[in-house]
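For the sequence shown, the positions run 1 to 370 when the UniProt record's numbering is used. Scroll down for the structure; my scribbles are underneath it.
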Amino acid sequence: MRRIWFILFFGGLILNCSTSNDNGEVTKIDPEPKEEEVVGVIRDISPSALVADMGPGWNFGNSFDVRDNDKTAWGNPLPTTTVVDAVFNRGFRTIRVPVTWGYNMADAPTYEIEENYFSRVTTIVDYALNKGMYVIINVHHDDKWIIPTFDNASATNTQLDRVWTQIANSFKNYSDYLIFELLNEPRHKDTPEQWTGGTEEGREVLNDFYKTIVDAIRRTGGNNAKRKLMIAPYAASVVQKTWDDLVIPNNDPDVIISIHAYVPFRFALDASDPDWGSDTDKADIDALMNRIDNNFMSKGFPVVMGEWGSIGLLAEASERLKHAEYFVNACIEKGIVPVVWDDGGDFGLLDRRNFVWDFPTLADAAANKN
């Protein structure tokens with residue numbers, strides 16, 4: 001079900017491969033073993049059934065997704081399989097591996113991704129899959145070249161096609177425990193509308209980007225013909241117009257919706273209110289879950305909460321724990337998979353150098369163990 005390498009020894013070839021010594025004695029020569037790849041299983045299940053099987057997840061944030069060739073530039077050590085062990089042992093069964101590719105690829109026209117970088121990403125993916133985890137990989141902080149405007153659409157589509165064709169070909173034989181998330185929080189970065197739903201132009205061009213990516217992935221064939229794909233509205237936003245304007249390319253039946261929600265904003269992201277638990281706080285989360293249900297799940301589109309969490313600047317751990325328990329329970333009740341954001345910094349849960357959980361009870365809540 002996962003990528004596993006094995007050796008096939010061909011007895012017939014061994015018997016027929018021989019040489020003679022000076023005395024005329026026949027000596028058998030063992031041929032070089034042939035290495036083949038096991039093709040993973042793509043189950044005949046719906047996106048909703050797959051999401052129901054996933055379980056809560058953890059984000060390997062601010063590592064491969066760093067906007068720099070140096071993936072330690074944001075303060076985290078290089079990704080290791082020991083981190084995956086810690087996450088698995090904590091009870092998480094889904095791991096999201098955000099990846100920024102643009103700083104490790106050639107220029108036009110090939111946009112070829114560096115082999116060494118691909119290998120490092122693949123090592124983490126393979127290790128998690130072999131532990132029985134669901135793995136989500138994506139195109140993350142590549143907003144430097146993913147610009148949703150009419151003027152940039154052609155160039156961006158060309159590069160997206162090249163990049164996703166490489167990714168898809170590399171993983172085409174992997175099982176359906178590997179999920180492709182097409183874009184992280186696609187938006188026109190550093191514009192006034194980036195977090196308020198974008199512009200009509202931006203949302204239209206984003207739909208065009210998604211068609212390019214889906215076509216590129218499906219074109220590679222193999223298991224990618226039916227692989228589950230996660231698609232986010234503009235900026236992975238909860239703003240209603242981003243949901244209304246999202247178009248599923250080709251009415252593809254194997255799509256999962258990806259949404260990010262740091263709710264309530266004043267507590268979870270803005271840190272202007274260090275306390276959580278009021279009726280208003282709970283109502284904010286309940287209202288969001290009901291909107292997600294009404295807009296997507298009731299229409300047959302399962303949802304993964306690709307990022308959620310609370311910033312650890314002012315709030316006490318006890319307040320963050322109450323928030324986490326309520327948020328995760330609200331997701332679980334609706335059948336939404338919550339994948340907590342861990343950036344190793346203000347949202348950090350796991351110390352990736354010492355492999356110790358800084359907030360173990362909070363991590364347990366995120367994994368739905370409480």
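Each residue gets a CB set at the ideal place from its N, CA and C atoms; glycine is no exception.
Counting of Cβ neighbours within 10 angstroms places A128 among the buried residues, the total reaching 16 or more. Three or more beta-carbon pairs separated by less than 8 Å are not found between the region 208-224 and the region 263-270, which leaves the two stretches without contact.
Secondary structure of I292 (DSSP, three-state): helix. Counting only the Cα atoms, W74 lies some 17 Å from I311. In the DSSP assignment, I136 falls within the beta strand (DSSP E) that extends over 134-138.
Excluding five sequence positions before and after K228, the CB atoms of its chain that fall closer than 7 Å to its own CB belong to P47, L50, D176, I179, D254, I256, given in chain order. Put simply, the backbone Cα of V97 is about 5 Å away from that of I137.
Judged by DSSP secondary structure, E114 falls outside any alpha helix (DSSP H); it is assigned neither H nor E. Around R162, the same chain offers Y111 as residues with beta carbons nearer than 6 Å, after the five sequence neighbours per side are excluded. No Cβ-Cβ contact shorter than 8 Å links R219 with D245. Counting C-beta pairs with one atom in each stretch, the region 315-333 and the region 343-350 have fewer than three that are closer than 8 Å, which means they do not touch. For the alpha helix (DSSP H) assignment, the uninterrupted runs of no fewer than 4 residues enclosed by the region 253-282 are, from N- to C-terminal side, 265-268.
Residue pairing from DSSP places F180 in a beta bridge opposite I137, L229. Going by DSSP, R96 is part of the beta strand (DSSP E) stretching over 94-97. Using a Cβ distance threshold of 8 Å, M133 and R93 count as a contacting pair.
In this chain, the alpha helix (DSSP H) harbouring E319 covers 317-334. The Cβ atoms of L321 and L350 do not sit closer than 8 Å to each other.
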